[in-house]
Structure formats: C-alpha cells, structure tokens
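When we follow my numbering, the leftmost residue of the sequence shown carries the number -1, and every step to the right adds one. C-beta: ideal position from N, C-alpha, C; glycine also. Have a look at the structure below before the remarks.
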Amino acid sequence: MTTSNSIEKVKGGMEDEKLKVVIEKVELGRNLKLIHGVAILIGVIIGSGIFVSPVGILKETKSVGFSFVMWVICGLYNCLCALCFAELGTTFPQSGGEYIYIHRAFGDGVAFVSLWISFILICPVAIAACSLIFSVYILQPYFPNCKVPDLGVNLLAASVFTLLVAINCWNTKWATKVQVVITASKLIALLTVIVIGFYYIIGLGETENFKNPFEGSDFSAGAIAISFYSGFWAYSGWSYLNFLVGELVDPHRNLPRAILISMVLVIVTYLIANVAYVAVLTPAQMLSSPAVAVTFGEHTMGVMAWLMPVLIAISVCGTMNGCALGFSRLFYVGSTKGQLPAFMGMIQQKRLTPSPSLLVILIMTLIYTSTGDIFFLIEMEGFGFASVLTMVFAGQVYLRYKEPDLPRPIRLPILLPIILCIISFLIVALTFYQKTRESLMALGLVAFGLVMYIVCVVWKNKPKVIQQKMYAINTLIQKCLIVLPVDDPDSVDWD
C-alpha cells in the first residue's frame, strides 16, 4: 500500500482555529494472494467464541451429538452469508458495510434502523459480553470452589474496556500494534486444548463422554434458533472480508475461494476443539462451568493451569479492541450522514481519533456490563445481528430488480440471498417465541430508535428553542473533547 498524507493546521483570525485535513490519493496495491486472504480471515474469525460458545450451544441442544451438528450448520450458514457479503462488497466498495447496502436498497429510514440496531444492540452488547468473559477467565482461578462475585466481575470488565477506549482515543496505532500478540495468544490456547484433548482420546482412551451422543437432544425450532446465536458469536468476523477486496490479487476468483477455504478450516478446527473439550469434561461439567476452557485447564494442565485463562483473556481483549475500532468508524460515518448526533461525526483535533464515538460506546457498554449475564448478552447481540442480516439479504434481492444493470464483479444465484433472508427472518421470529421477554426488550429499544429518528432526523422544522438546545449540547461536547468535523469522512487517515 502506498500513501501520501499531510496534515496541516490553519489558524485564521484571532477568534477561531480550524483543522484542515489534506489527504492525497490513496492507492492500494494488490499484494494479497489467496493464501494471505485465507490467513487473514482465519485470524479474524477465530476469537473468544470457541472458548465460550460450546456451553451456549450445548445448553440449548441438550446433547453432545446435536451440538456438533449445530456447529456445522452454523458454520455453513455463516459461510453462505459471507459469500453474499462478498458480492455486496465488490459492488459497493465503500466505508459503512451493511449500512451502505441497506441505504442503497431501501433509503434513509431502513438504513437508520440497521444503524440503530448496531448502535444499541450489536456493538455495546458484544463488547460488554467480551469484557465479562475477560473478567470471568481472569478471576475464576482465584475462586476454584465457588462462583466469582458479580461485583468483582463487573468492576474488572468495566476497567479493562475503559483502558482500551483510552488507548484508542490517545493513539489508534498503539491499539493496532497489540493485535499480533493477541492473535498468537488465541492460537496457542486453541492448540493447547486440541493437543491435550486428543491425548486423552488416543493416549488414555477416554471415550466415555461420546457414548449415546444424541441422547436427550432438543430438536425444537426454538432451541435451534437460540443455539444459532452462540454460533453467530463463534463465527463472527467473516464480514471483514469486504476490506480485502481492494488488495486481493484477482478478487473475483480469490475472494470466494478465500471465504470457502477459511470457513471450512474454521469449521473443522471448531469441531476438533469441541471433541477435545468433551474428551476431558462431561456435558454436566461443561454446563456448570462459567469458563469452560479454564475448567479444561484445571483438569489437565496441573501447575500450568494459570496459562489458559491468561491466553484467553488476551484473546478476548483483541475482540473488544476490534469492535471498538470498527464500530466507532461506522458510527462516525453514520453521524456524517446526519443519522446520529453531530458530535459523533467529529475527530479529536490533535490525536485524529474518533473519540466522541468511542466514549459513547464506552458509556453504553458499561450499562450493559452491569447485567452480568454473558449468555443473555450473546443472545441479544445475535438477535440484533440476525435482524440486520435479514435487511441486508432482502436489500440484496431487491437491488437485483431495482438496479439490474449495476456492475456486479461477483454475481451469486439470486436464490441464495432469498434463502438466507428467509432463514434469518425465521431465526428472529422463533426468538420471539422462545425468548419473548428479551425479544420485546430488544424490539422496544428499536422502537425508541424510530422515535428518535422521527424527532431528530425527519422533523426538520423544529422550534428554535429545541434547535438552540441541540446546538448548545453539540458545542459543549465539541469544546470539552476538543473535536472538529471533517468534510470527507472516507478520506481520514486514522493516526
């Protein structure tokens, strides 16, 4: 990649100071081959999910055998979703991801709903779940015979994400440099689980937990829908493939290949890891464990058991950091489009970081962290994600008729997004049946967003007193954080 950037401060007059950002043309060299694309996608997808989701899926399916089936089904579903996003990403190579696709298909209103769901249900909920996972894995070894105190979990969760936000607000490059250490940590932890598990199977002949694998299975539609959310969590990250398009050699061929190869490898790796878990732990032990990989380490690693929670905690930090980096930019773009508060579309004058968006994410994450229920948060995030996917695939189908002549470098059979749209909608609908209270809560948050959209965006001719109040609030935040707007959000080079 070759870049040429210069940032110049221009002071005009005695009363005001403006920040002028001069960004010259950025050119992305096509240097990534197929193997690089596969390596990047695998590195992004494999995260905290494999250390948490086995319990969530087993809890709903009620059997080892059916849980393995759901791991495969979730993997195939996410693989097909990724292929659809590949078509959209090559058709609309712009910042904003699904928000851009939905906006192109359905306009401002539906695009706002998708942005609001990401803002209120997906981003802060996912980060809150990760921060709680971090706390449980760090603290569980100190409470081997009892439950970790909720207050301790919540305080540590809040502290670690506050630190990550502070780093992102100060210097984005500091946050990105730790990703190498984080990737190494999660791969070491996963490899440790697999090696030890297969030693128990092959070396010690421990196969008792695999007998009658489908006994007691819950094949109900509701159980399948809820277990899907843990699968979403484990396989999340495939949407990052859209950022590879500009740098991938022969993307029309290599992008679908990279997706298929990486997803097959991830599915196989996850199945092997689950076999390793079951070789050591009984289903009852897994379900009673708040941190399944820690329990696994305690049963197998002796004096080195402390290493497992440390490695996984570092990996979870990477997930939180990635969410903060990605979603803060999404909300930044949404603000510059006039669909979120104006101050969220500004950047810090000296640091050139989207600190307002990051601080809003921090506040909302702290609110969700106070719930203390990891699987409730995972289900809430999955509900929001499935809702957005429904809109994306519906928009993809509609665009085939709305803009049939639009150049599509990757063109999939129209039946694929139709089927995925139906499946995503059924998952959302079944969740209402299975988790009515939680679903109504999520629906209420979305409805509140629609009210905010009507009042703040659609209602143009507001009384002067309301306009003055809104202006005063934005101005106050702008002064406190020392942030300024930028004319072209797609041209910012985050320092």
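In chain order, what residues of the same chain lie with their CB nearer than 7 Å to the CB of residue i, ignoring the 5 residues before and after it?
i    : result
R398 : I412
L410 : L81, C82, E85
F373 : G54
Can you give me the Cβ contacts of residue i inside the same chain, cut-off strictly under 8 Å, excluding the 5 residues immediately before and after it?
i    : result
S368 : N152
L414 : L78, L81, C82
P281 : L56, S61, V62, N207
A155 : A126, S129, L130, F132, S133, T367
L285 : V53, L56, K57
D148 : G370
T473 : none
How long is the line joining the alpha carbons of residue i and residue j, rounded to whole angstroms?
i    : j    : result
K348 : V163 : 17 Å
P254 : I421 : 21 Å
I408 : N252 : 11 Å
G87  : G95  : 8 Å
A182 : I200 : 27 Å
F230 : P461 : 44 Å
N459 : Y451 : 14 Å
L161 : N76  : 32 Å
I118 : G300 : 42 Å
M378 : C315 : 20 Å
G195 : V266 : 15 Å
L338 : I100 : 16 Å
C72  : I464 : 48 Å
V262 : G235 : 14 Å
F212 : L357 : 47 Å
Please return the same chain residues whose Cβ sits closer than 6 Å to the Cβ of residue i, not counting the five positions on each side in sequence.
i    : result
V111 : none
Y198 : E204, A277, V278
S225 : I55, E58, T59, M68
M362 : P122
G447 : W114
G508 : Summary: the structure shown does not reach residue 508, with the chain confined to residues -1 through 493, and so no result is reported for it.
G47  : W231, A232
S65  : I55, L56, T59
T495 : Past the boundaries of the shown model lies residue 495; the chain is included only from -1 to 493, so the question cannot be answered.
A303 : G295, E296
Which whole-angstrom value describes the C-beta separation of residue i and residue j, a residue pair presumed to lie in contact below a C-beta threshold of 8 Å?
i    : j    : result
Y140 : A311 : That belief does not hold up - the Cβ atoms of Y140 and A311 are roughly 13 Å apart, past 8 Å.
F341 : Q476 : 6 Å
G382 : A440 : 7 Å
C167 : Q346 : 7 Å
I270 : I192 : 5 Å
I376 : S228 : 6 Å
Y275 : V290 : 6 Å
Between residue i and the ligand NAD, is there a pair consisting of the residue's CB and a ligand heavy atom that are separated by less than 7 Å?
i    : result
Y140 : Ligands displayed in this structure: none; no statement on the ligand NAD is therefore possible.
*Quick one: which unbroken beta strand (DSSP E) runs of 3-plus residues sit fully inside the region 182 to 249? Chain order, please.*
none
_So, does the region 424 to 440 touch the region 308 to 322, judging by three or more C-beta pairs under 8 Å?_
They do not touch, by the three-pair rule.
*Would the region 101 to 108 and the region 363 to 383 be scored as touching if the rule is three or more Cβ pairs under 8 Å?*
Flag = no, the region 101 to 108 and the region 363 to 383 do not touch.
*Would you call the region 254 to 263 and the region 458 to 468 in contact, with 3 or more CB pairs under 8 Å?*
no
*Pick out the complete alpha helix (DSSP H) segments inside the region 78 to 165, 4 residues or longer, and give them in chain order.*
96 to 104, 106 to 115, 121 to 137
_3 or more residues per run - each beta strand (DSSP E) lying fully within the region 309 to 368_ = 344 to 346
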